[in-house]
Amino acid sequence: MSAVRIPAMEAAVHIMKDEGVDIAFGCPGAAILPLYKAMEVVGGIEHLTVRHEEGATHMADGWARTNGRVGVALATSGPGGTNLVTGLYTALADSVPMLCVTGQAVSTKLHQEAFQAVDIVEIARPVTKWAVQIKEAAQIPWAFREAFRIAREGRPGPVLIDVPVDIARREILYDPALDTRLPVPAVVPHAPRVEAALDLLLAAERPLVLAGGGVILADASAELRALVEHLRVPFQVTLMGKGVIEDDHELNLGTTGIQTSQRYANASFLESDFVLAVGARFGDRHTGANLATYKGDRTFVHVDIEPTQLGRVIEPDLGIVSDARLFLAALLESAKARGVRADVGAWVERCRELKRTLVRREDFDTVPVKAPRVYQEINAVFGEDTYFVTAIGLYQIWGGQHQKAHLPRHYQVCGQAGPLGWEIPAAIGVKKALEGMGRGGTEVVGIVGDYGFQYMVEELAVAAQYDVPFVLIMLNNEYLGLIRQASIGYDMNYQVDIHYDETGTDNVKLMQAYGCSGRRVMEPADIRPAIEWARKEAVSTSRPVLVEIMIEREANTPHGPDIDAVKEFEPVPQG
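Pasting the structure below:
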C-alpha cells in the first residue's frame with residue numbers, strides 16, 4: 000500500500016484508535032471542529048459531550064486509572080483550553096496517562112490577539128510531561144505518536160497537543176496500515192542493586208515493604224503478593240497504593256500518615272527498622288512535617304521508575320531505578336535462588352497484635368450520624384469488585400481510615416492535587432472504561448462531600464444523557480469541613496459554614512433537576528436501606544443516584560502534625 004492524501008486530523012483519529020482509545024470526552028468549539036469532523040468520518044471513537052472542559056479531563060482521568068490506557072480529553076481554544084489545567088495538574092500529580100487535544104486560533108493570527116487565542120502550551124507546560132503546538136500539518140502523526148509514548152513512558156502523566164485550526168484543515172500523506180506505536184522501553188533494575196536490597200532486607204529485624212501507587216500503575220499486585228508471602232514480611236501501602244492487596248491480608252499493616260492512616264499502621268511504622276519503598280513518592284501527608292521522625296534510624300531502600308524521585312524527600316540508603324513489577328519479580332527470584340526468607344517471625348506477630356488492638360470505633364448509633372458509621376455500612380454492603388472514587392475533604396480522610404479496599408485500581412482517590420468535584424466526572428470515566436472492558440455491570444460508587452459535590456455537579460447531565468449509572472454517597476455536614484478543622488489551629492471558625500435556612504442546599508432536588516434521583520438520610524439505621532435502594536435505582540434508571548447522609552456538623556478526623564502525634568477526637572477501643 001502507498002500513502003494517500005487525507006485530512007490531517009483523520010490521521011490523528013487513526014492513531015488514537017491504534018493506541019487503544021475507544022472514547023473521548025470533550026466539548027466541541029469552532030477551533031477544534033476539524034478533529035470532530037475526522038472522528039465522525041473515521042468512526043470507532045465514542046464521544047461524550049461534557050458540560051465543562053474540566054469535567055472532560057476528570058472523565059479521561061477516571062477512564063485511564065481503571066484500564067491503564069491513555070485517556071483523551073478534547074477542548075477548543077481560549078477558555079476551552081484553560082479549563083483543562085486543573086485536570087492536567089491532577090493527572091500529573093497522580094501519574095495518570097492522558098492526552099489533551101486543544102484547538103487553536105489561526106496560526107497567522109496568534110500574534111494579533113485573535114479571538115480566543117491564548118498560549119495554552121506555555122500555560123500547560125508546568126502541569127504536563129510534554130506540551131506542544133503543531134506548526135506543520137505533516138507533523139501531526141509524529142506528534143500524536145510521541146504524545147502517547149511520553150504519556151506512557153516512565154512515570155505516566157498527561158500531555159497536550161495544540162492544533163491551530165488552519166493547520167488542522169490541511170491534508171497530508173498518511174497510510175494507517177504502515178503506522179505503528181513508538182516503543183516504550185522497559186526500565187529493568189540493575190542486578191547488583193537488587194542483590195544489595197535483598198541483603199539489607201534480610202539484615203533487618205523489623206522490616207516493612209511500602210507499596211505506593213507505582214505498584215498499581217505497573218500492574219505489579221501479583222508480584223508484590225508473591226514477594227511478601229514468600230519472605231513473610233509485613234507490608235504497608237500509601238494512600239495511592241490502597242487496594243494493591245486486600246486490606247484484610249494478614250501481612251497488610253495499613254497506611255501510615257498524619258491523616259489517611261490507621262493507628263496500627265503508624266505504630267508499626269514507628270517500630271520498624273527498615274523500609275523498602277516501591278513506587279512511592281513520600282508525600283507530606285504520609286511522612287508528616289518532621290522528616291526526622293519519619294526517617295528515624297530506619298534504613299530506606301527506595302525503588303522508583305523516575306530517577307529524579309530518588310532523594311527528593313528522603314535520602315535513601317539505597318536507590319534503585321526500575322519498573323516496580325520488574326523489581327519485585329527480580330527480588331523474589333533472587334530470594335528463591337538463594338533459598339532465603341526473612342527471619343522475622345516475632346516481628347510479624349507483633350504487627351498482628353498491633354493490627355488487632357490499635358483500631359478505631361465505627362459502630363456509632365447516635366444522631367446526627369458519625370462518619371465512621373457510614374464507612375462501616377459501605378464496607379458491609381458493597382462487594383469486593385466495586386469501584387470507588389473519592390476526592391478531597393474530611394470524607395477522604397475518614398475513607399482512608401475506615402474504608403476497605405480489596406483490588407488494585409478499585410479505590411481511586413486524588414492523592415496530591417485534590418480537586419473538589421472530581422468524583423462525578425471520574426465516576427463517569429470509570430464506568431465507561433468498564434463498559435469498554437466488557438464489565439458494564441460492575442458497580443461504581445462515588446463518595447462525596449456536600450461542598451465539593453457542587454463544583455462539577457453539571458456533569459450529572461452527561462451521565463443522564465448517556466445512560467451512565469452509578470451511586471453517589473454524600474457525607475453532608477453543611478461545612479467546608481476540612482478547612483473548618485484546619486482553622487482550629489488559628490482559633491477561628493470563619494467563613495466555612497455553608498448552612499442556611501432550615502435545610503441548606505436540597506441536593507436531592509438538584510439530582511432531580513438533572514433527571515436523576517436521591518434520598519436524604521438522618522439516622523444510622525436508615526443508611527443501609529437507602530444504599531440498597533440506590534443500587535437498585537441506578538440499575539433500573541441507568542442514571543446516577545444519590546444517598547445524602549446528614550452527619551455531625553463539627554466532627555473532626557484523627558490528625559496531627561507528625562506520625563507520632565496524631566490526635567484522636569473520639570474514644571478509641573481499649574485492648
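The sequence shown begins at 0 in numbering that gives the first Met the number 0 and counts up by one. Even glycine gets a Cβ: it sits at the ideal position worked out from N, Cα and C.
Assumed close pair residue i, residue j - CB separation to whole angstroms, cut-off 8 Å
i, j, result
"R50", "A460", "6 Å"
"Y394", "G428", "Wrong, their Cβ atoms sit about 20 Å apart, outside the cutoff."
"V117", "G80", "7 Å"
"A30", "G102", "3 Å"
"L309", "V208", "So it is not a contact: roughly 17 Å between Cβ atoms."
"I160", "A136", "Contact doesn't hold; Cβ gap of about 13 Å is too wide."
"V300", "P315", "6 Å"
"A225", "L331", "6 Å"
"I472", "I548", "7 Å"
"G211", "A279", "3 Å"
"G517", "L545", "3 Å"
Bridge partner(s) assigned by DSSP for residue i
i, result
"A23", "H46"
"P157", "M97"
"V131", "I160"
"L471", "G445 and L545"
"P6", "E170"
"I550", "V368"
"E410", "Going by the sequence as given, residue 410 is Tyr instead of Glu. Bridge partners of Y410: F387."
"A276", "L209 and H301"
"G102", "V162"
"Y35", "According to DSSP, Y35 bridges with nothing at all."
"H558", "K566"
"Y478", "D496"
"V236", "A210"
"G287", "D561"
"N251", "F234"
Contacting residues, own chain, Cβ-Cβ under 6 Å from residue i (five flanking each side not counted)
i, result
"G559", "I257, V565 and K566"
"F143", "A11 and I14"
"P424", "G54, H57, M58, M455 and E458"
"F326", "P188 and V302"
"E152", "V183"
"Q375", "E361"
"K128", "I149, G156 and V158"
"P387", "The residue you asked about is not Pro; residue 387 is Phe in the sequence shown. Once the five neighbours on either side are set aside, the close Cβ partners of F387 are Y410 and V444."
"Y513", "L459, A460 and A463"
"I319", "P188, R192 and V302"
Exposure label - residue i; buried when at least 16 CB within 10 Å
i, result
"L481", "buried"
"S321", "buried"
"A485", "exposed"
"R483", "buried"
"P557", "buried"
"K431", "buried"
"Y493", "exposed"
"E18", "buried"
"A217", "buried"
"A196", "buried"
"K354", "buried"
Cutoff 8 Å; reference residue i; Cβ partners in own chain excluding five residues on either side
i, result
"V95", "D60, A63, R64, G70, T89, P155, G156 and P157"
"I562", "T255, G256, I257, S260, N265, F268, L269, T286, G287, T292 and Y293"
"E228", "L250"
"R359", "Q261, R262, P371, Q400, H401, P557, E567, E569, V571 and P572"
"E531", "V380"
Cβ neighbours of residue i in the same chain (closer than 7 Å, five flanking residues each side left out)
i, result
"V347", "R231 and P233"
"R124", "A130"
"V495", "Y478, L479, I482, R483 and S486"
"C350", "P233, L252 and S267"
In chain order, what are the residue ranges of uninterrupted alpha helix (DSSP H) at least 4 long that sit wholly in the segment 309-388? Look at the segment 309-388 and you find these whole runs of alpha helix (DSSP H), each 4 residues long or longer: 323-337, 344-356 and 370-380.
Curious, which full-length beta strand (DSSP E) runs of at least 3 residues does the segment 58-87 contain? List check, beta strand (DSSP E) in window: 70-74.
Whole beta strand (DSSP E) elements within the segment 498-523, 3-residue minimum: The qualifying runs are 516-520.
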